[in-house]
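In the order they appear, the protein sequences are chains D and U.
As numbered in our numbering, the first sequence has no gaps in its residue numbers, which increase by one up to the final residue, 273.
As numbered in our numbering, the second sequence has no gaps in its residue numbers, which increase by one up to the final residue, 273.
Beta carbons: idealized from backbone N, C-alpha and C, even for Gly.
Worksheet: one structure, shown below.
Protein chains: 2
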Amino acid sequence: MKRTVFFISDSTGITAEAVGHSLLSQFEGIDYKQERVPFVDTLDKARECERRIAKARQRDGLRPVVVTTLVDPAIVSIIHEADALFLDFISTFIAPLEAELGVKSSRAIGRGHSRATSEHYAERIEAINYTLAHDDGVTNAGLEMADVILVGVSRCGKTPTSLYLALQFGVKAANYPLIPEDFERNSLPAGLERYRDKLFGLTIAPERLTQIRQERRPDSKYASVENCRWEVAAAEKLMRREGVRWLSSTTKSIEEIAATLIQTIKLDKPSY
Amino acid sequence: MKRTVFFISDSTGITAEAVGHSLLSQFEGIDYKQERVPFVDTLDKARECERRIAKARQRDGLRPVVVTTLVDPAIVSIIHEADALFLDFISTFIAPLEAELGVKSSRAIGRGHSRATSEHYAERIEAINYTLAHDDGVTNAGLEMADVILVGVSRCGKTPTSLYLALQFGVKAANYPLIPEDFERNSLPAGLERYRDKLFGLTIAPERLTQIRQERRPDSKYASVENCRWEVAAAEKLMRREGVRWLSSTTKSIEEIAATLIQTIKLDKPSY
Chain D
2 MKRTVFFISD
12 STGITAEAVG
22 HSLLSQFEGI
32 DYKQERVPFV
42 DTLDKARECE
52 RRIAKARQRD
62 GLRPVVVTTL
72 VDPAIVSIIH
82 EADALFLDFI
92 STFIAPLEAE
102 LGVKSSRAIG
112 RGHSRATSEH
122 YAERIEAINY
132 TLAHDDGVTN
142 AGLEMADVIL
152 VGVSRCGKTP
162 TSLYLALQFG
172 VKAANYPLIP
182 EDFERNSLPA
192 GLERYRDKLF
202 GLTIAPERLT
212 QIRQERRPDS
222 KYASVENCRW
232 EVAAAEKLMR
242 REGVRWLSST
252 TKSIEEIAAT
262 LIQTIKLDKP
272 SY
Chain U
2 MKRTVFFISD
12 STGITAEAVG
22 HSLLSQFEGI
32 DYKQERVPFV
42 DTLDKARECE
52 RRIAKARQRD
62 GLRPVVVTTL
72 VDPAIVSIIH
82 EADALFLDFI
92 STFIAPLEAE
102 LGVKSSRAIG
112 RGHSRATSEH
122 YAERIEAINY
132 TLAHDDGVTN
142 AGLEMADVIL
152 VGVSRCGKTP
162 TSLYLALQFG
172 VKAANYPLIP
182 EDFERNSLPA
192 GLERYRDKLF
202 GLTIAPERLT
212 QIRQERRPDS
222 KYASVENCRW
232 EVAAAEKLMR
242 REGVRWLSST
252 TKSIEEIAAT
262 LIQTIKLDKP
272 SY
């Protein structure tokens, strides 16, 4: 039988699932089913949730693991009536933090995410719009407003990274492909020299690049390993000569690329 | 003096910051500076990090709050030498989970995010590409592959929501604007009727929509409150008649919209 892992939250459940996955990734070979239960913000929903856990306990013949970010003591206590292992990621730490800060917490539900009407939130939406409008080198207008300008060969991960930077960190990220014409001219795309301190490069192992490009244009020159080797070598040479900092995206997740970039160019952006 | 809050991780620090913010949001009126310290994955980096915490302790005259998702006991013990309140979000829960599962954890660092080379990760990148290629009704091709098709008036939040769904949940999200022509014809954009079960609507308070549109096209008919009222009422009428489920984005964050949508249409997608 597979054990069931619940991610329970009075808000979206996204943070509960993130910490839960992080913890579970420490246990290799454990096979489990997962159930996300967001918006458990009333006593009725808590009772329904308790019954769901009890049902999984019976069905699986194994105690569920219940990861929560709940804060309301009444809701927590109803959920805890089920027979399960409870890992309460927020309420566990409220008492020590209250003691340290010398104030009582509000135990208010639904505080996980910044308010949609706050100024902070408006900046994030602006960053998303900026990033979409500056994808793939479509325009040089407004580059002075970019927080970062990503460069790299086609399909090395610039667009997903740019979007993640905007959504998660409110970073205005423009991105430019480095293309054969740039290598032949042996210079950065026109207009980028002025923004050298904002440039950040992505590179990628040629073998991995071939794989990715093959899915887009099978058996093309564009996707061939020879061409990928040539483009990657030329892009790295160009970035080295121009003093552009870079990292390899080959084995890195979007989160790892974004966090490394922010650390490297010292962007002071809080995560949403 | 402001207290310093550290978010320390052996990986990106994104999860540490998310749970930390979630916890701190329970304490209103506490003003703090935050420092993210990602990739603390060696003893040397742990020592450097311990010194940074000690320095903040001295500078602020207040004990820092240190939120960690560290798992390596040697790294944890070095960091703990500083004078601070430590909230160890992962290591705190490892022992009870080991006892429940009856297995030892690997205590392996850098496990927070899915591997960039996994199949799961490739699906996520595919979802991002799909979503970008199906933004703003640009094409009906491949709609049968969409997990969800968002509809709503211009500027109600379809694009940021679609991108978040793709990045965070690997959801293939297409989106279509509902425009005056649709209201005059009194029908959904052509070609969408076949996919009624994938449709999900966003609506928004007309006053909020005016605000948002004013920033794009000040003093236009498009942004006027009269026109926004008319468009929103017409869109809601159309969605009601066509049986499209919808929610209002007015006060909801992207995370809240996405989590509600996934729950409503019962998409079975794990979060990244």
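- Beta bridge pairing from DSSP links Glu36/D with Phe7/D.
- If you look at Ile54/D, you'll find it in the alpha helix (DSSP H) that goes Leu44 to Asp61.
- With its beta carbon less than 9 Å from one in chain U, Arg108/D belongs to the interface.
- In the DSSP annotation of this structure, Asp220/U is not part of any alpha helix (DSSP H), being labelled neither H nor E.
- Taken through DSSP and simplified to helix, strand or coil, Thr251/D comes out as coil.
- Residues of the region 5–31 of chain D with a C-beta atom less than 7 Å from some C-beta of chain U are Thr13, Gly14, Ile15, Thr16, Glu18, Ala19, Val20, Ser23, Leu24, Ser26, Gln27, Phe28, Glu29 and Ile31, listed in chain order.
- Taking 9 Å as the threshold, the shortest C-beta distance from Tyr223/D to chain U does not fall below it.
- In the DSSP annotation of this structure, the continuous segment of the alpha helix (DSSP H) that includes Ile126/D starts and ends at Glu120 to Ala134.
- Residue contact check for Glu99/D against chain U: a CB pair falls below 9 Å.
- Residue pairing by DSSP places Phe87/D opposite Val67/D in a beta bridge.
- Contact between Leu239/U and Leu189/U holds: their C-beta atoms lie close to 7 Å from each other, under 8 Å.
- As for any alpha helix (DSSP H) of minimum length 4 sitting wholly inside the region 156–217 of chain U, the runs are 159–170, 181–186 and 207–217, ordered along the chain.
- Closest in alpha carbon position to Tyr196/D, among Ser26/D, Ala109/D and Leu151/D, is Leu151/D.
- Linking Arg4/D to Val66/D through their CA atoms gives a straight-line distance of about 8 Å.
- Counting only residues of its own chain and dropping the five nearest sequence neighbours on each side, Arg52/D has no CB closer than 6 Å to any other CB.
- With fewer than 16 neighbouring CB atoms inside 10 Å of its own CB, Arg218/U falls in the exposed class.
- Under the Cβ criterion (8 Å, minimum of three pairs), the region 132–151 of chain U counts as touching the region 159–171 of chain U.
- Looking from the CA of Pro74/D, the closest CA among Ile91/D, Asp220/D and Asp84/D belongs to Ile91/D.
- Listed along the chain, the chain U residues whose CB falls inside 8 Å of the CB of Leu88/D are Phe94, Pro97 and Leu98.
- When rounded, the separation of the alpha-carbon atoms in Ile255/U and Cys229/U is 21 Å.
- Contact annotation, Glu18/D with Arg37/D: C-beta distance approximately 6 Å; criterion of less than 8 Å satisfied.
- Under the criterion of beta carbons closer than 8 Å, Thr69/U and Ile9/U qualify as touching, at roughly 4 Å.
- Per DSSP, reduced to three states, the secondary structure at Val233/U is helical.
- Around Val154/D, no beta-carbon contact reaches into chain U at under 7 Å, the shortest distance being about 16 Å.
- Val104/U sits in coil when the DSSP states are folded into three classes, being neither helix nor strand.
- Using a Cβ-Cβ cut-off of 9 Å, Tyr122/U counts as an interface residue toward chain D, since at least one Cβ of chain D sits closer than that to its own.
- Scanning chain U for C-beta atoms nearer than 8 Å to the C-beta of Arg64/D yields Glu101, reported in chain order.
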